[in-house]
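Structure first, commentary second.
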Amino acid sequence: MNHVSIGTIPALAVLGPTASGKSALGLWMADQGFPIEIISLDSALVFRDMNIGTAKPTPQELALVPHHLIDLITPSDTFSAAEFVVQCHALIADIRARGKVPVILGGTMMYYKTLISGMDDLPAANPEIRQAIEQHALEQGWPAIHARLAEVDPLTAQRLKPNDSQRLQRALEVFQITGQPLSSFHQRDQQADLQIPTLAIELSDRSVLHKRIESRFLNMLEQGLVEEVIELRHNYVLDDSMPSMRCVGYRQVWEHLHGHCTRQEMIDRGVAATRQLAKRQITWLRSTSNKEVVDPLQSNWLQTVKPWIQNQIEALLP
336 MNHVSIGTIP ALAVLGPTAS GKSALGLWMA DQGFPIEIIS LDSALVFRDM NIGTAKPTPQ
396 ELALVPHHLI DLITPSDTFS AAEFVVQCHA LIADIRARGK VPVILGGTMM YYKTLISGMD
456 DLPAANPEIR QAIEQHALEQ GWPAIHARLA EVDPLTAQRL KPNDSQRLQR ALEVFQITGQ
516 PLSSFHQRDQ QADLQIPTLA IELSDRSVLH KRIESRFLNM LEQGLVEEVI ELRHNYVLDD
576 SMPSMRCVGY RQVWEHLHGH CTRQEMIDRG VAATRQLAKR QITWLRSTSN KEVVDPLQSN
636 WLQTVKPWIQ NQIEALLP
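Under my numbering, the letters of the sequence shown match residues 336 to 653, in that order.
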């Protein structure tokens with residue numbers, strides 16, 4: 336039996352921006368016979384009935400290799416990074432008990448950061464306070480909320496944009512519940528990050544990724560993304576403040592269905608928003624240390640990275 340050193344998460348992480356080929360790499364690993372199970376690192380895949388816009392694995396792909404943390408909740412519900420960490424650790428133990436290696440695969444970097452850095456002792460959400468903040472934002476606008484946050488928590492306000500409603504709301508909520516700025520919580524946990532062997536997918540030509548993103552979004556529309564959102568509205572009580580409808584692609588379709596933009600504007604906004612998401616993911620990845628970088632645009636890249644993967648899998652086998 337291999338022994339994993341203290342401070343190391345006994346799993347392999349595969350990270351990359353949207354449309355970079357993470358899922359295909361995971362399927363390739365399974366097809367090569369590596370004894371793996373995949374833990375999804377994707378905040379959109381947790382929602383049931385949201386299949387097209389999330390590029391959810393097909394039944395055939397799920398049959399090839401087990402996937403976890405998919406289809407957990409309804410689109411009306413929420414799933415936090417803290418919940419991800421709790422379930423992820425439980426899954427890692429279960430998968431290893433089956434003699435397999437967990438592969439944490441996706442692009443939701445907040446989940447990954449929380450997994451390796453730990454969770455601050457933040458208070459649970461307070462519906463009344465959140466509703467009051469939302470009402471204030473409706474009356475005054477989110478820039479006013481940003482200005483209020485700057486008065487009580489300038490460090491957090493400095494790193495948030497005035498229209499980042501979700502994070503602004505949470506930051507002000509934390510202050511109103513605890514009387515302490517959100518930034519002070521982040522400073523309390525000074526323990527070293529946990530280590531996890533990480534494979535980072537980074538394309539050397541950004542324009543190729545941009546073309547992939549556009550092609551993928553257009554393909555989702557052809558597959559019926561608009562119709563999927565119409566059905567979601569019919570089957571669930573939803574609004575545009577919910578995390579499910581704030582997912583890239585769904586948000587732009589929602590705006591189109593409510594008459595806020597034309598179909599072409601929806602397409603342009605969807606592609607632009609996905610590219611912005613990819614840019615944030617790439618920036619975050621480049622700041623991450625202790626990773627093996629692979630470029631899918633290089634010839635024979637799979638065969639090049641295969642020995643590294645094999646070494647990691649062998650070291651992680653229970």
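Every residue gets a Cβ at the ideal spot worked out from N, C-alpha and C, and that includes glycine.
Any idea if residue 537 is buried or exposed, counting beta-carbon neighbours within 10 angstroms, 16 or more meaning buried?
-> buried
Okay, do the stretch 636-651 and the stretch 554-564 touch, 3+ Cβ pairs below 8 Å being the bar?
-> no
Look at the Cβ atom of residue 377, then the Cβ atom of residue 441, and state whether they are nearer than 7 Å.
-> yes
Take residue 384 as the anchor and find which of 569, 635, 636 and 427 has the nearest alpha-carbon.
-> Closest in alpha carbon position to residue 384, among 569, 635, 636 and 427, is 569.
Through-space distance from residue 617 to residue 352, alpha-carbon basis = Whole-angstrom Cα-Cα distance: 6 Å.
Taking residue 441 as part of the beta strand (DSSP E), name the residues at either end of that continuous run.
-> In this chain, the beta strand (DSSP E) harbouring residue 441 covers 436-441.
Please state whether DSSP places residue 393 in a helix, a strand or coil.
-> Here residue 393 carries a coil assignment [DSSP, helix/strand/coil].
Inter-residue spacing [alpha-carbon to alpha-carbon] between residue 585 and residue 579 | 8 Å
To the nearest angstrom, how far is it from the Cα of residue 349 to the Cα of residue 627?
-> 10 Å
Nearest-angstrom Cα separation, counted from residue 514 out to residue 608 | Inter-residue distance for residue 608 and residue 514 is about 34 Å (C-alpha atoms, whole angstroms).
Count the other C-beta atoms from every protein chain shown that fall within 10 angstroms of the C-beta of residue 503, then say buried if there are 16 or more, exposed otherwise.
-> buried
Helix, strand or coil for residue 512 per DSSP?
-> The DSSP-derived three-state label of residue 512 is helix.
Where does the unbroken beta strand (DSSP E) through residue 533 begin, and where does it stop?
-> 533-536
Is DSSP giving residue 523 helix, strand or coil here?
-> For residue 523, the predicted structure reports a pLDDT of 48, less than 50, and the residue's modelled location is therefore unreliable. A value from the coordinates is still provided. Of the three classes helix, strand and coil, the one that applies to residue 523 here is coil, per DSSP.
To the nearest angstrom, report how far apart residue 650 and residue 425 are at their CA atoms.
-> Residue 650 and residue 425 have their C-alpha atoms some 20 Å from each other.
Ranges of the beta strand (DSSP E) found wholly within the stretch 435-497, counting only runs of at least 3 = 436-441
Taking all protein chains shown into account, decide if residue 468 is buried (16 or more other Cβ within 10 angstroms of its Cβ) or exposed.
-> In summary, residue 468 is buried, with 16 or more beta-carbon neighbours lying within 10 Å of its beta-carbon over all protein chains present.
Using only alpha-carbon positions, find the residue among 371, 614, 414 and 509 that is nearest to residue 427.
-> 371
Where in the stretch 337-419 do unbroken runs of the beta strand (DSSP E), each at least 3 residues long, occur, reported from the N-terminal end onward?
-> 347-350 and 371-376
Under 7 Å, do residue 532 and residue 367 count as touching if we go by C-beta distance?
-> no
Endpoints, alpha helix (DSSP H) assigned at residue 564 = For residue 564, the enclosing alpha helix (DSSP H) starts and ends at 560-570.
Should the stretch 491-509 be called in touch with the stretch 596-606, which here means at least 3 C-beta pairs below 8 Å?
-> no
Between the CA atoms of residue 434 and residue 653 - distance to the nearest angstrom = 6 Å
Kindly indicate which three-state DSSP category residue 628 falls into: helix, strand or coil?
-> Residue 628 carries a strand assignment under DSSP once its states are collapsed to helix, strand and coil.
Top-ranked residue by Cα proximity to residue 535, from 630, 345 and 393 = 630
Inter-residue spacing [alpha-carbon to alpha-carbon] between residue 289 and residue 451 = Outside the shown range of the chain (336 to 653) lies residue 289, about which nothing can therefore be said.
When the Cα atoms are used, what is the spatial distance from residue 566 to residue 443?
-> One C-alpha to the other measures close to 26 Å.
Quick one: Cα of residue 387 to Cα of residue 394, how far?
-> 13 Å
Residue interval of the alpha helix (DSSP H) (run including residue 618) = 598-621
Take residue 525 and list the residues in its own chain whose beta-carbon comes closer than 6 Å to its own, dropping the five residues that flank it on each side.
-> Legend: pLDDT at residue 525 = 48, less than 50; position of this residue unreliable, no value from coordinates given.
Mind checking residue 604: buried by the 16 CB within 10 Å criterion, or exposed?
-> Buried, because 16 or more other Cβ atoms sit within 10 Å of the Cβ of residue 604.
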